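Shown next, in structure tokens, is the structure this report addresses.
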Amino acid sequence: VRPVATYPQYGGAECDVTKQEETCNALGCDRPCTLNDWGPWRQCTRACEGGIKWRSRSVKVPATGAGKCARTFSKARYEKQACNQGQCPTDVMCIAKMDLVVALDSSGSMGEDGWKGV
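As numbered in our numbering, residues -18 to 99 make up the sequence shown, in order.
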């Protein structure tokens, strides 16, 4: 708003517009969050006899105002499914050698009596 310094007199022309308005931010401020695409399926929790694998969606753009966002473990953001339902093999035979490392505490904290137990 601009104030008028001198009003027109003696047939003078009117002043230009003293007020100018423009609409801005007309969209609502309440907006729900936007979710990312589904992530990859995670590895199954068991090798056999039934495990679970899962995947999830993270928040890409947070909700604003009173906008809502699905909870972390809701169906919109978390999926799980059964995996590796088959029976575990019962006739497992090891065919590879295994390395074995034995570590002994030989520091002063073990003491002479500790070595006798070894």
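For every residue, glycine included, the Cβ atom is placed at its ideal position computed from N, Cα and C.
Remember, predicted model here, so these are calculated numbers, not experimental data.
Rounding to the nearest angstrom, what Cα-Cα distance links P21 and K41 in this structure? 16 Å
Specify, as a first and last residue, the run of the beta strand (DSSP E) that T33 falls within. The identity of residue 33 in the sequence shown is Ile, whereas the question assumes Thr. Start and end: G32 to S37.
Leaving out five residues before and five after A51 in sequence, what residues of the same chain have Cβ atoms less than 6 Å from its Cβ? A57 and R58
Check E93 in the structure and name its three-state DSSP category. helix
Does chain B have any CB closer than 8 Å to the CB of D11? Absence of chain B from the displayed structure is noted, only one protein chain being present.
Between R(-17) and the rest of its own chain, which residues show a CB-CB distance below 8 Å, the 5 nearest in sequence each way excluded? T(-1) and K0
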